[in-house]
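Enquirer: Chains as they are written, first to last, in the working numbering: chain A, 29 to 239; chain B, 1223 to 1445.
All residues carry an ideal CB built from backbone N, CA and C; glycine is no exception.
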Amino acid sequence: MQIKRKNFIRGDVAAVPPTVALGALNNRFLWAQAADFDSDVDVLNYALTLEYLEAEFYRQGNSAGLLSGKEMDYLDAVQADEESHVSTIMQTVQKLGGEPVAAPAVDFGESFASRESFLTTAHVFENTGVQAYLGAAGFIQDKAILQAAAGIFGVEARHAAVLGNLLGLEAEGGVYMGATETPLTMDEVLKAVSPFLADAGAMGDGAAVTL
Amino acid sequence: MTSNQDQIFDGKPVLQFDNEHDRRSFLRTALIVGVGAGFVGYAAGDPTSGTRSSAFAGNLAQASVQGDLDILNYALTLEYLEADFYTQGVDGGVVSGRELDLVTPIRDHEQAHVAAITATIKDLGGTPVKSPKFAYPNGTFTNRGTFLATASTFEELGVTAYNGQVTLIDSVDILAAAASIAGVESRHAAILADLTGGDPFPSPIEASASMGAVLKAAKPFIA
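1) Could you tell me the boundaries of the alpha helix (DSSP H) in which A/E209 lies?
2) Using only CA atoms, which one of B/D1313, B/R1320, B/Y1302 lies nearest to B/T1340?
3) Taking Cβ-Cβ distances below 9 Å as the criterion, which residues of the region 121 to 134 of chain A are in contact with chain B?
4) Considering only their Cβ atoms, is the gap separating A/T120 from A/I168 smaller than 8 Å?
5) How far does the alpha helix (DSSP H) with A/K123 in it extend, from its first residue to its last?
6) For chain B, find out if any of its Cβ atoms is closer than 8 Å to the Cβ of A/G51; answer yes or no.
7) Which of the three DSSP states, helix, strand or coil, is assigned to B/I1427?
8) DSSP three-state label for A/L195, please.
9) Please state the DSSP three-state secondary structure of B/I1396.
10) Taking the alpha helix (DSSP H) that B/P1442 falls in, what are its first and last residues?
11) Compare the C-beta of A/E200 with all C-beta atoms of chain B and state if any pair is closer than 8 Å.
12) Establish whether the CB of A/A226 and some CB of chain B are separated by less than 8 Å.
13) In whole angstroms, what is the alpha-carbon distance linking A/V203 and B/F1423?
14) Return the CA-CA distance between B/G1314 and A/G196, expressed in angstroms with no decimal places.
15) Per DSSP, B/F1356 is paired with what?
16) Specify whether the region 1409 to 1428 of chain B and the region 102 to 116 of chain A touch according to this definition: at least 3 beta carbon pairs, one from each stretch, less than 8 Å apart.
17) Which residues, in order along the region 146 to 173 of chain A, keep a beta-carbon less than 7 Å from a beta-carbon of chain B?
18) Nearest by alpha-carbon distance to B/K1352: which of B/P1359, B/R1366, B/A1337, B/Y1358 is it?
19) Going by alpha carbons, who is nearest to B/V1316 out of B/M1433, B/T1362, B/L1397?
20) Let me know the secondary structure DSSP gives A/V203 once reduced to three states.
21) Run through the DSSP bridge pairs and tell me what A/V134 is partnered with.
22) Give the residues of chain B in contact with A/V183, contact being defined as C-beta atoms less than 8 Å apart.
23) Using a Cβ cut-off of 8 Å (strictly closer), state whether B/A1431 contacts chain A.
24) With DSSP as the reference, label B/G1386 as helix, strand or coil.
25) Distance check for A/N155 and A/A226, CA to CA, integer angstroms please.
26) Excluding the five sequence neighbours on either side, which residues of its own chain have a C-beta within less than 6 Å of the C-beta of B/V1388, listed in chain order?
27) Apart from the five residues on each side of it in sequence, which residues of its chain come closer than 7 Å, Cβ to Cβ, to A/Y80?
28) Considering A/Q169, what are the terminal residues of the alpha helix (DSSP H) in which it resides?
29) So, under 8 Å CB-CB, A/A185 and B/R1409 are touching, yes? Tell me the CB distance rounded to an integer number of Å.
30) Determine the burial state of A/M205: buried for a count of at least 16 other Cβ atoms within 10 Å of its Cβ, exposed for fewer.
31) The alpha helix (DSSP H) that contains B/S1318, what's its start and end?
32) Listing by chain order, which chain A residues have their CB less than 8 Å from the CB of B/A1435?
33) Can you find the residues in the same chain that come closer than 7 Å, C-beta to C-beta, to A/H151, ignoring five residues on each side of it along the sequence?
34) Looking at the secondary structure, which residues open and close the alpha helix (DSSP H) in which A/L81 lies?
35) Is the Cβ of A/M214 closer than 8 Å to any Cβ of chain B?
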């Protein structure tokens, strides 16, 4: 069933699936502003793209031999988390009968020139991941998927905080980003990560995730 | 529309639920995919739906608000505990240097969470629970190790508590607010694990815990 609605979200007449409509109408958060996702598979493929990016980033960064001791152990654990997220999300998409998006081609530029550039870029990735999950959470319909997304979101927040601390950043604004996390829309997230995509136009699969 | 939804819209619900969880699960699903869509259609003037009584939809909304209020008051109780704990710890000077720099914003966050949740409960027409009186083992605010270990316990408890309510919250606004707080508790948990020599990343997907399990764990600290 599709409901034709006027002037609620985009100021035009759009056919929006009812699942998105209620969330959007009720919501004062950023995710209200964009009817980005038609299904849980769409949300998951969006998350999968970001997780691919993170997993590959840590694979390359941890191979560069920039870290040692506790730092190295921490970043190895972070990489393992991201790889686990990739496989969990892929399996979930398949279980829902969807097609997991392919991994994007990436280019991390000078990110692995030094310990500091590696950790600084990682910190940006993790904070963006936190904001992406928060921005997309309201679109998830399936309770089990929402539960898993919340659990992944929290892990990304853990990564972000520890990276901020390893960098010796100010506690507030570096380790913590305020008393509440701030969501980002899909457009904002994709804009933030686009410098790392080697072929930005090819990101995503069809309408689900496009720049 | 399925027949079940038709029955509901006629004000004659025939569904039986084995327990409260099933009822709430149904309400959430119905609000999001079925009843809610019909109600939105009605609000938008769509002639194909919304012609039935909206009174039952109103009742549904009320029931879900009460459930969310219960969850918010539960969260408020935990935030009271954390805010009190860190206020005493920071005031007592149990940590210093970088550790104090890291713990002081945590105190500020927990106090902000108390204020935000209290305001949200009032906005929804509910009554915020009063703060319990808290009691802590001797040495909590004089021994650095005890203080940080207790803090770590509270943060991990808070994380699993929020995660345990995610799928039970009806309002997407409140889900957003709760999630935005939960992520901050996750940051706290990771930093405290780091400070205490624990594991900041204990699993790739965070665990969750039921209200009963969390309150049981918090009970020793309630005087």
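Expert: Reading off the structure:
1) The continuous stretches of alpha helix (DSSP H) do not include A/E209, and DSSP gives it neither H nor E.
2) Of all alpha-carbon atoms in B/D1313, B/R1320, B/Y1302, the one lying nearest the alpha-carbon of B/T1340 is that of B/Y1302.
3) Cβ contacts with chain B come from no residue of the region 121 to 134 of chain A.
4) Not in contact: A/I168 and A/T120 (Cβ atoms no closer than 8 Å).
5) A/K123 -> alpha helix (DSSP H) spans 97 to 123.
6) Any reading at A/G51 is ruled out, since the residue's pLDDT is 32, under 50, leaving its predicted position unreliable.
7) Coil.
8) Correct three-state label for A/L195: coil.
9) Reduced to three states, the DSSP call for B/I1396 is helix.
10) Run containing B/P1442: none; DSSP gives neither H nor E here.
11) True, the Cβ-Cβ gap to chain B drops below 8 Å.
12) It does not: the Cβ of A/A226 has no partner Cβ on chain B nearer than 8 Å.
13) The alpha-carbon atoms of A/V203 and B/F1423 are separated by roughly 15 Å.
14) Going by the C-alpha atoms only, they are around 25 Å apart.
15) Partner(s): B/I1444.
16) The region 1409 to 1428 of chain B is in contact with the region 102 to 116 of chain A.
17) Listed by position, the residues of the region 146 to 173 of chain A near chain B (Cβ gap below 7 Å) are V158, L162, A165, G166, Q169, K171.
18) Selected option, being the one with the closest Cα: B/A1337.
19) Nearest C-alpha to B/V1316: B/T1362.
20) When DSSP states are grouped into helix, strand and coil, A/V203 belongs to the helix group.
21) Its beta-bridge partners are A/L225.
22) Under the 8 Å cutoff, chain B gives S1408, F1423, S1425, P1426, I1427, E1428.
23) No, its Cβ sits nowhere closer than 8 Å to a Cβ of chain A.
24) DSSP places B/G1386 in the helix class (H, G or I) of the three-state scheme.
25) Rounded to the nearest whole angstrom, the CA to CA distance from A/A226 to A/N155 is 21 Å.
26) Apart from the 5 residues on each side of it in sequence, B/V1388 has no Cβ closer than 6 Å to any other Cβ in its chain.
27) Within its own chain, the residues whose Cβ lies closer than 7 Å to the Cβ of A/Y80, once the five positions on either side in sequence are excluded, are V114, A131, P132, listed in chain order.
28) Note, A/Q169: premise wrong, no alpha helix (DSSP H); not H, not E.
29) Contact flag correct, Cβ pair sits at about 5 Å.
30) Buried.
31) According to the DSSP assignment, B/S1318 belongs to no alpha helix (DSSP H), since it is labelled neither H nor E.
32) Neighbours of B/A1435 on chain A: none; closest Cβ ~16 Å, over 8 Å.
33) Hits under 7 Å: A188, L191, G192, L195.
34) Counted as a single uninterrupted DSSP element, the alpha helix (DSSP H) harbouring A/L81 occupies residues 68 to 91.
35) By this cut-off, A/M214 is not an interface position.
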